[in-house]
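Novice: Have a look at this one.
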Amino acid sequence: MIKTDNRSVDCAGPNENLKTLFKIGIIIFGMMYSVGPSYAQGSLGDAPTDDLGDVSDAFQDHFFEALKQKGIENYELALNALKRAERAAKKNEDGLAVVYFETGKNLKQLKRYDEAEDSFKRVLASEGDQLDVMEALYDLYYLKRDYQSAIPLVKKLIVNDEDYKEDLANLYHRTKKYDAALALLDELDDSWGETAYRNALRRQIYKVTGNNTGAIENLETKIDKNSKREQDYLNLIFLYSEKGETEKAFATAKELLKNQPNSQMVHLALYKFYLDRGNTEDAMNSMKQVFSAAEIKKESKYKVLSDFIRFVEENPTYEKELENVVNQFSVEGNGAVYEQLGGYYSAKGDAVTALTFYEKGVALDDDNFSLLKKTLLLQIEIEKYEEAVALSEEGLGVFPAQPMLYLINGVANNRLGNISDAIDSLESGVDFLLDNPTMEKDFYEQLKLAYTQKGNTKKATEYGQKAAQINIAN
Numbered sequence: 187m188i189k190t191d192n193r194s195v196d197c198a199g200p201n202e203n204l205k206t207l208f209k210i211g212i213i214i215f216g217m218m219y220s221v222g223p224s225y226a227q228g229s230l231g232d233a234p235t236d237d238l239g240d241v242s243d244a245f246q247d248h249f250f251e252a253l254k255q256k257g258i259e260n261y262e263l264a265l266n267a268l269k270r271a272e273r274a275a276k277k278n279e280d281g282l283a284v285v286y287f288e289t290g291k292n293l294k295q296l297k298r299y300d301e302a303e304d305s306f307k308r309v310l311a312s313e314g315d316q317l318d319v320m321e322a323l324y325d326l327y328y329l330k331r332d333y334q335s336a337i338p339l340v341k342k343l344i345v346n347d348e349d350y351k352e353d354l355a356n357l358y359h360r361t362k363k364y365d366a367a368l369a370l371l372d373e374l375d376d377s378w379g380e381t382a383y384r385n386a387l388r389r390q391i392y393k394v395t396g397n398n399t400g401a402i403e404n405l406e407t408k409i410d411k412n413s414k415r416e417q418d419y420l421n422l423i424f425l426y427s428e429k430g431e432t433e434k435a436f437a438t439a440k441e442l443l444k445n446q447p448n449s450q451m452v453h454l455a456l457y458k459f460y461l462d463r464g465n466t467e468d469a470m471n472s473m474k475q476v477f478s479a480a481e482i483k484k485e486s487k488y489k490v491l492s493d494f495i496r497f498v499e500e501n502p503t504y505e506k507e508l509e510n511v512v513n514q515f516s517v518e519g520n521g522a523v524y525e526q527l528g529g530y531y532s533a534k535g536d537a538v539t540a541l542t543f544y545e546k547g548v549a550l551d552d553d554n555f556s557l558l559k560k561t562l563l564l565q566i567e568i569e570k571y572e573e574a575v576a577l578s579e580e581g582l583g584v585f586p587a588q589p590m591l592y593l594i595n596g597v598a599n600n601r602l603g604n605i606s607d608a609i610d611s612l613e614s615g616v617d618f619l620l621d622n623p624t625m626e627k628d629f630y631e632q633l634k635l636a637y638t639q640k641g642n643t644k645k646a647t648e649y650g651q652k653a654a655q656i657n658i659a660n
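Numbering (the numbering used here), first residue to last: 187 to 660.
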């Protein structure tokens, strides 16, 4: 593998120091290169690994100047130094491979992609399939969106690292080699098990090709041969649903549950089918299976929770079940669940219960401004002013430019009689306003109230006039 030291090197010292530094760099470079992947076609290690030959002092000077300039992102200056190093190295060819590799990396940073590609290919032509160079070239092809050229390169990388097979499947997708992509995805699922990434890629291909009929027939054949592959059923449910054939999708889901009673993923589909058919008991059971399943990602659970909340709105007798479900989510440390629940109770007019959930959520998720705002507004509504002051101050530590937080802090302090604190917050926050006349009017009215309580009638009148001058369009 080819690597060079990217750190900045001070080349202004004595020449002997440069020789020592260069020797160290070459030892590291030579060791990395000579102990490369087993498929490598030759290496700089043909020479002793502690040297690349009789390189000149001039080469050392220019090469380390290039590394220094690249280290401080002066890529043009680095290229100039590399050109001088190349001229010095051409006397006996020592050091040319590393010069070309470094040249390619600098050209890539300058987005001179075609020239960078030529440089990397020169290294591969002279030194064989070195891993670092191939990886650098692969990155370059992605930047160029030259996915076609990347395919043969990734096939070589797979020899050293089979993780690149997923890259190859993605490249097949990008180059519209859909059959090859699907075949490789199936192979990976058989070898490594299913993943969300590969399932998403497979479904993208189904959508792009529009050949749902062919895909369905293929999956039905696979299920007939092996009824134990859960993902084949799930893909088939998805395709039937996409075609609007919900009865077939439902039948497939029930067949999966019959063949694999312990399947958790199937309930992501079943609960919807049960809800649509008014089968509330089975729908509830499937939802509970989803909420308790460790293998189902929380993002999917949140989507089910949204449906569950809508279900409870129409079937309030299940409200206790809703609270029990929430307790399963509470350990996950995500405020989104509590935000949804707070919204449910807020819509019902139960502000106290809604605030309880909002406060739990904001304690878990302090960078969720939507949740923070809802919590603060409810605290003001039910006159929890001390809590609103404390929470708005915490919020300003995360969102220091949000005028709403200054306004709420000012309102709460006004209600508590903390007049100086209210004025400080309101006068600070009004500076952050941008084209929001409604909020601006609120600021001025709160400042009028604060100065009135303070006994400063001049300031109170001034802010009262400002508030009166703002006309809010209906």
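In this text, a Cβ means the ideal position worked out from N, Cα and C, and glycines have one as well.
Please tell me whether S312 and L293 are closer than 8 Å, where the distance is taken between their beta carbons.
Specialist: Taking 8 Å as the Cβ cut-off, S312 and L293 do not qualify as a contacting pair.
Novice: From N622, V584, E579, I258, pick the residue whose C-alpha is nearest to that of S611; which is it?
Specialist: Taking only the C-alpha atoms, the option nearest S611 is E579.
Novice: Could you have a look at A587 and say whether DSSP puts it in helix, strand or coil?
Specialist: A587: coil per DSSP, three-state reduction.
Novice: How far does the alpha helix (DSSP H) with K444 in it extend, from its first residue to its last?
Specialist: Residues 432-445.
Novice: Just curious, the alpha helix (DSSP H) that Q246 is in, first and last residue?
Specialist: Element bounds for Q246: 243-257.
Novice: Can you find at least 3 beta carbon pairs, one from the region 464-478 and one from the region 425-440, that sit closer than 8 Å?
Specialist: Counting Cβ pairs under 8 Å, fewer than three are found: no touch.
Novice: With distances taken from CA atoms, which of L527, K489, G521, L562 is nearest E507?
Specialist: It is L527.
Novice: With a threshold of 8 Å between beta carbons, is E499 in contact with chain B?
Specialist: Annotation note: the requested chain B is absent from the structure, which comprises a single protein chain.
Novice: Put R415 into one of helix, strand or coil per three-state DSSP.
Specialist: Three-state result, R415: coil.
Novice: According to DSSP, is V538 part of a helix, a strand, or is it coil?
Specialist: Here V538 sits in helix by DSSP.
Novice: Where does the unbroken alpha helix (DSSP H) through F618 begin, and where does it stop?
Specialist: Taken as a continuous stretch (DSSP letters only), F618 belongs to no alpha helix (DSSP H), as it is neither H nor E.
Novice: Determine the extent of the alpha helix (DSSP H) in which P502 is found, giving its start and end residues.
Specialist: Here P502 belongs to no alpha helix (DSSP H), and DSSP marks it neither H nor E.
Novice: So what does DSSP say about D349, is it helix, strand or coil?
Specialist: Note: D349 maps to coil in three-state DSSP.
Novice: From the DSSP output, in three-state form, read off S449 for me.
Specialist: In this structure, S449 counts as coil in the three-state DSSP scheme.
Novice: Roughly how many angstroms lie between the CA atoms of Q446 and G535, to the nearest whole one?
Specialist: Going from the Cα of Q446 to the Cα of G535 covers about 44 Å.
Novice: Just to confirm before moving on: does the CB-CB distance between L550 and G529 stay below 8 Å?
Specialist: Their beta carbons are not under 8 Å apart, which means L550 does not touch G529 by this criterion.
Novice: Thinking just about the alpha-carbon of each residue, which of N510, T503, Y592 is nearest to the one in L491?
Specialist: That would be N510, whose Cα lies nearest to the Cα of L491.
Novice: Spell out a yes or no on whether the region 379-396 and the region 343-351 are touching, meaning 3 or more CB-CB pairs, one atom from each, closer than 8 Å.
Specialist: Judged by Cβ distances under 8 Å, the region 379-396 makes no contact with the region 343-351, as fewer than three pairs qualify.
Novice: Please determine if the region 393-413 and the region 373-382 are in contact, where contact requires at least 3 C-beta pairs separated by less than 8 Å.
Specialist: No, the region 393-413 is not in contact with the region 373-382.
Novice: Can you find at least 3 beta carbon pairs, one from the region 368-378 and one from the region 328-343, that sit closer than 8 Å?
Specialist: Segments in contact, no.
Novice: Cα-Cα, which of L620, D365, A608 is closest to Y392?
Specialist: Out of L620, D365, A608, D365 has the C-alpha closest to the C-alpha of Y392.
Novice: Kindly list the residues whose CB is nearer than 7 Å to the CB of A653, restricted to its own chain and excluding five residues on each side of it in sequence; keep chain order.
Specialist: Around A653: K627, Y630, E631, K634.
Novice: Pull up the distance between the alpha-carbon of L562 and that of A574, whole angstroms please.
Specialist: Their backbone Cα atoms lie some 6 Å apart in a straight line.
Novice: Taking the straight line between their C-alpha atoms, what separation do you get for T503 and N471?
Specialist: Their backbone Cα atoms lie some 15 Å apart in a straight line.
Novice: What is the residue span of the alpha helix (DSSP H) that K652 lies within?
Specialist: Here the alpha helix (DSSP H) through K652 covers 643-655.
Novice: To the nearest angstrom, how far is it from the Cα of Y299 to the Cα of D353?
Specialist: If you take the alpha carbons of Y299 and D353, they lie about 21 Å apart.
Novice: For A480, count the other beta carbons within 10 Å of its own beta carbon; 16 or more makes it buried, fewer makes it exposed. Which is it?
Specialist: By the neighbour-count rule (16 or more Cβ atoms within 10 Å), A480 is not buried but exposed.
Novice: In three-state terms, what does DSSP make of I658?
Specialist: In the structure shown, I658 sits in coil (DSSP, three-state: anything other than H, G, I, E or B).
Novice: Buried or exposed for H248, please, with buried defined as at least 16 other CB atoms from any protein chain shown within 10 angstroms of its CB.
Specialist: So H248 counts as buried.
Novice: Can you list, in chain order, the residues of its chain whose CB lies under 7 Å from that of L204, leaving out five sequence neighbours each side?
Specialist: In this prediction, L204 scores a pLDDT of 35, lower than 50, which makes its location untrustworthy; no coordinate-derived value is stated.
Novice: Give a yes or no on whether the C-beta atoms belonging to A244 and A267 are separated by under 8 Å.
Specialist: Against a cut-off of 8 Å, the Cβ pair of A267 and A244 comes out as no contact.
Novice: Which one of P338, K559, L374, R331 has the shortest CA to CA distance from D349?
Specialist: For D349, the nearest C-alpha among the options comes from L374.
Novice: How big is the Cα-Cα spacing for V616 and P589?
Specialist: Distance between the alpha carbons of V616 and P589 is about 7 Å.
Novice: Measuring only the C-alpha atoms, how far is V584 from N600?
Specialist: Whole-angstrom Cα-Cα distance: 23 Å.
Novice: Rounding to the nearest angstrom, what Cα-Cα distance links L558 and L420 in this structure?
Specialist: Roughly 38 Å between the two C-alpha positions.
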